[in-house]
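First the structure, in the form of structure tokens, and then the observations on it.
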Amino acid sequence: MTDDLEKQDINDVLRELDASPGGLNDDQVRARLSKYGFNAVAKEKESRIKKFLLKFWAPVPWMLELTALISYILGKRVDTYIILALLLFNSLVSFFQESKANNALELLENKMMTNARVLRNSSWIEVQSKELVPGDIIHCRLGDLVPADVKIMSGEILVDQSALTGESNAVSKVSGNLLFSGSVLKRGESTGVVVATGSKTFFGKTAELVKVAKSDSHLDKLILSIVRYLIAMDVVLVISLLIFSLIYGVSIYNTIPYSLVVLIASVPVALPATFTIASAYGAVDLSQKGALVTRLSAVEDAASMDAICFDKTGTLTQNRVSVSDPIAYGIDLNEMLLYAVLASDISTQDSIDIAVINYAKEKGVDSSGYSIKKFIPFDPSIKRTAAVAERGGIIISVTKGAPQVILKLVKPPHSVNVKNVMAKVNELAARGYRTIGIARSLNGEEYQFCGLIPLHDPPRDDSASLINRIRDLGIRPRMITGDSEPIALEIATEVGIGEKICKIPASSNEDWNVEECDAFAEVLPEDKFNLVKAL
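Read in the numbering used here, the sequence shown has 83 at position 76, and its numbers run on one by one without any break.
Here you go:
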């Protein structure tokens, strides 16, 4: 479906959606909200009563309920009331702790609700993003979080899709391309038509995978495991008791009550309550440290894990472009950085421009004496920026962009060994670096190649120490990213995760041992869930 929409002409898409460049009217919006629902990933809403009653429907509560029933049958009323009180205590503590956390989470979600600029009844208005419907015409600006899947009608933009793909490099989008929900505009503005909302978006489909992921509580498994061993021993005792009664002629009916007492005694009725209290204290302690526990058993689940998977972008790395060891050709390094700064504009909020300007400032490069006469932001069609600056009557034309593009601008007498430069670019790419080239022209002369600037998304300062602490706890860390294999290797090695990088086989018939891998590269969002499941 995504490929089809990407290939379709915008007019055909508008026709299929029964939309027009003037936007939808109020009647159309109401009808589509009724048909498609709100632009949000649907959540299963359960009443508080149902949530509370479900606390009595699980393996551990079943065990206590059965024990209470047997105690009641045997006439042990006090024991029955104690067991029921413990059962109620477990359920109440868990219910109120989780309700408190969920209320806080809901409040946080409401505060983070975003608005969208939408064309309705031929007028631009702002509405909550959740009120968007397929066929709406919306306008996105620099810094906006894209609220739905959109077919671009006009505009050339640069977007950060790292939340969706894990790819840290921004992606160029032009008219006719698809813009996915959850992307962030890093440069430019765009107008487009909404083609999918809520669970039908690329992001929503991935969220649906996680939503259906359910697993048995590790706590329940642990308690039931203990009970199984105790009951196994008690079964041996009961059989011995029955054999003894047969040998000595004791009535079997007199022996059964004692046998049931032995079985009841094997059930540690206070154990679940003890775990619940400990988990509640743990949840409170975590909340004071900024972690919100929405499921009480998650505290114990987290404490018992033996493997953890990290995303790369923004988790292990800083999610920002950074300059690393520029290389000058034929001129001073600071002079090359000066030309790079002149070919950048911080007002565009382009991540590469910001990285270059900040790095040059750290190195003491001063461009304040230059007057910028003209600046052309990055253009996806020519893959470079360009600027014209003047100082003391000297006109300097500067440009920065893809090395192969910049090298084509260089003409004699300023020749450069293209083969050597591209070999360096390829070497840096193999280490996970993205590289831009710099060139300048004085007073209308031919361009001179000035150098290369390697770029990467550096690890967070605390990533390596965090990985070490996790290993010390007996937990094996792994990294999952949508980035390429060289970038994954560079980061995984730098933070201490390991050097064994794997890619998910294209065919399910291919053999591979997932346990041997330290990190996984080029992983699609929908594959991450299955990958974690396999681990």
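Glycine is no exception: its CB is placed at the ideal position from the N, C-alpha and C atoms.
What you are looking at is a predicted structure, and each value in this text was computed from that prediction instead of being measured.
Using DSSP with H/G/I as helix, E/B as strand and the rest coil, what is Phe-210? Note: Phe-210 maps to helix in three-state DSSP.
How about Ala-526 and Gly-505: do their beta carbons lie closer than 8 Å? In this structure, Gly-505 lies closer than 8 Å to Ala-526 by Cβ.
Quick one: give me the first and last residue of the beta strand (DSSP E) that Ser-130 is part of. Per DSSP, Ser-130 belongs to the beta strand (DSSP E) from 130 to 135.
Specify whether the segment 490 to 505 and the segment 306 to 325 touch according to this definition: at least 3 beta carbon pairs, one from each stretch, less than 8 Å apart. Yes, the segment 490 to 505 touches the segment 306 to 325.
Which same chain residues, not among the five before or five after Val-405, have their C-beta less than 6 Å away from its C-beta? Residues of the same chain with a CB within less than 6 Å of the CB of Val-405, apart from the 5 flanking positions on each side, are Tyr-346, Leu-349, Ala-350, Ala-394 and Arg-447 in chain order.
Where the alpha helix (DSSP H) containing Ala-38 begins and where it ends: Counting along the chain, the alpha helix (DSSP H) containing Ala-38 begins and ends at 33 to 43.
Whole angstroms is fine: what's the gap from Lys-14's alpha carbon to Gly-211's? Cα to Cα, Lys-14 sits roughly 22 Å from Gly-211.
Assuming the contact rule is C-beta atoms closer than 8 Å, Gly-352 and Asp-360 should be a hit. Round their C-beta distance to whole Å, please. In the sequence as displayed, the identity of residue 352 is Asp instead of Gly. In this structure, Asp-352 and Asp-360 form a Cβ contact; the two beta carbons are roughly 6 Å apart against a cut-off of 8 Å.
Within 10 angstroms of its Cβ, does Gly-189 collect 16 or more other Cβ (buried), or is it exposed? Answer is buried; the Cβ neighbour count reaches 16.
According to DSSP, simplified to helix, strand and coil, what is Ala-499? Three-state result, Ala-499: helix.
For Tyr-454, which option in Ile-315, Asp-469, Leu-229 and His-421 has the closest C-alpha, if you only look at C-alpha atoms? The alpha carbon of Tyr-454 has as its nearest neighbour, out of Ile-315, Asp-469, Leu-229 and His-421, the alpha carbon of His-421.
Own chain, CB closer than 8 Å to Asp-25, minus 5 neighbours either side, in chain order: Excluding residues within five positions, the ones whose Cβ falls inside 8 Å are Gln-35 and Gly-142.
What does DSSP give as the partner residues of Met-486 in its beta bridges? Bridge partners of Met-486 according to DSSP: Phe-317 and Ala-526.
Note down the Cα distance separating Ala-203 from Ile-17, rounded to an integer number of angstroms. Ala-203 and Ile-17: Cα-Cα distance of roughly 15 Å.
When the Cα of Ala-287 is compared with those of Lys-296, Gly-297 and Glu-307, which residue comes out closest? Nearest to Ala-287 by C-alpha distance, out of Lys-296, Gly-297 and Glu-307, is Glu-307.
Compare the Cα-Cα distances from Glu-369 to each of Thr-392, Arg-398, Ser-331 and Asp-386 and report the closest residue. Nearest option by C-alpha distance: Ser-331.
Examine the Cβ distances between the segment 418 to 436 and the segment 381 to 401 and report whether three or more of them are shorter than 8 Å. No, the segment 418 to 436 is not in contact with the segment 381 to 401.
How long is the line joining the alpha carbons of Glu-522 and Val-530, rounded to whole angstroms? Cα to Cα, the separation comes out at about 16 Å.
In the DSSP assignment, what residue or residues form a beta bridge with Leu-185? Beta-bridge pairing links Leu-185 to Lys-158.
Residue ranges of each alpha helix (DSSP H) within the segment 284 to 314, 4 or longer: Within the segment 284 to 314, the complete alpha helix (DSSP H) runs of at least 4 residues are 304 to 310.
Mark Ser-232 as exposed unless 16 or more other C-beta atoms lie within 10 angstroms of its C-beta, in which case mark it buried. Answer is exposed; the Cβ neighbour count stays below 16.
Report, in whole angstroms, the separation of the C-beta atoms of Ile-511 and Asp-534, which I expect to be a contact under 8 Å. That belief holds up - the Cβ atoms of Ile-511 and Asp-534 are roughly 6 Å apart, short of 8 Å.
By DSSP, does Lys-407 sit in helix, in strand, or in coil? Residue state, collapsed to three classes: strand.
Pick out whichever of Tyr-366, Met-312, Leu-171 and Val-200 has its Cα sitting closest to the Cα of Val-157. Ranking Tyr-366, Met-312, Leu-171 and Val-200 by Cα distance to Val-157 puts Val-200 first.
Give every residue of the same chain whose Cβ lies closer than 6 Å to the Cβ of Ala-75, excluding the five residues on either side of it in the sequence, and list them in chain order. Closer than 6 Å at the Cβ level, and outside the excluded window around Ala-75, lie Thr-87, Ile-90 and Leu-91.
Would you kindly check if the distance between the Cβ of Lys-193 and the Cβ of Ala-170 is under 8 Å? For Ala-170 and Lys-193, no; Cβs fall outside 8 Å.
DSSP-derived helix/strand/coil call for Val-257: Secondary structure of Val-257 (DSSP, three-state): coil.
Alpha-carbon to alpha-carbon, Leu-185 and Gly-458: Whole-angstrom Cα-Cα distance: 35 Å.
Exposure label - Arg-391; buried when at least 16 CB within 10 Å: With a threshold of 16 other beta carbon atoms within 10 Å, Arg-391 meets it and is buried.
Own chain, CB closer than 6 Å to Asn-537, minus 5 neighbours either side, in chain order: Cβ contact annotation for Asn-537 (same chain, cutoff 6 Å, sequence separation greater than five): none.
Glu-397 bridges to which residues according to DSSP? Beta-bridge pairing links Glu-397 to Ser-378 and Ile-402.
Rounded separation between Ala-285 and Ala-298 - CA only: Using only the alpha carbons, I get a separation of about 17 Å.
Segment limits, beta strand (DSSP E) that includes Asp-167: Here the beta strand (DSSP E) through Asp-167 covers 164 to 167.
Are the Cβ atoms of Ile-482 and Ala-239 separated by less than 8 Å? Between Ile-482 and Ala-239, the C-beta gap is not smaller than 8 Å, which leaves the two residues out of contact.
Since I believe Ser-266 is in contact with Leu-248 (beta carbons under 8 Å), could you give me their beta-carbon distance rounded to a whole number of angstroms? Contact flag correct, Cβ pair sits at about 6 Å.
Kindly provide the ranges of any alpha helix (DSSP H) runs that are 4 or more residues long and lie completely inside the segment 320 to 376, ordered along the chain. Along the length of the segment 320 to 376, whole alpha helix (DSSP H) runs at least 4 residues long occupy 340 to 349 and 358 to 369, reported in chain order.
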